[in-house]
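Visitor:
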Amino acid sequence: MPIPLNITRQHILQAIAKINVDGVPPKRGARRWALQYEDTLYPCKLVISWANIFANNQELNPNPNIFTTDNAQEYLTSKQFLIVNI
12 MPIPLNITRQ
22 HILQAIAKIN
32 VDGVPPKRGA
42 RRWALQYEDT
52 LYPCKLVISW
62 ANIFANNQEL
72 NPNPNIFTTD
82 NAQEYLTSKQ
92 FLIVNI
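And the structure:
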């Protein structure tokens, strides 16, 4: 399942808030690229996975056969978020 197109900027902001509260789970951190929002870095795939919780009531499977970091970066950029090389 590719990234659902009904994930909105608001869902992404909700995912960022969830990461701020819950933290980044082990092995889900950013490796090379990250979403930068208000001077904080967030893992692109985790943001999309958790944004799907708010859009579609379930976490999006982070398996690269489902969607890649490149897919996540493109989607986040399309929603006016800044992606930075870390």
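At position 13 of the sequence shown the residue is numbered 24 (this note's numbering), and the sequence of numbers has no breaks. Think of the CB as a built atom: it goes at the ideal place given N, C-alpha and C, for glycine as much as any other residue. Note that this is a predicted model, so its numbers are computed, not measured.
Assuming the contact rule is C-beta atoms closer than 8 angstroms, A26 and V58 should be a hit. Round their C-beta distance to whole Å, please.
Guide: 5 angstroms
Visitor: Taking Cβ positions, are W44 and N96 nearer each other than 7 angstroms?
Guide: yes
Visitor: Quick one: measure Cβ to Cβ for I30 and L87, integer angstroms, because I've assumed they're closer than 8 angstroms.
Guide: That pair is no contact at about 13 angstroms.
Visitor: Go to L57, then tell me how far its beta strand (DSSP E) extends in each direction, as first and last residue.
Guide: Counting along the chain, L57 falls outside any beta strand (DSSP E), though it belongs to the alpha helix (DSSP H) covering C55 to N67.
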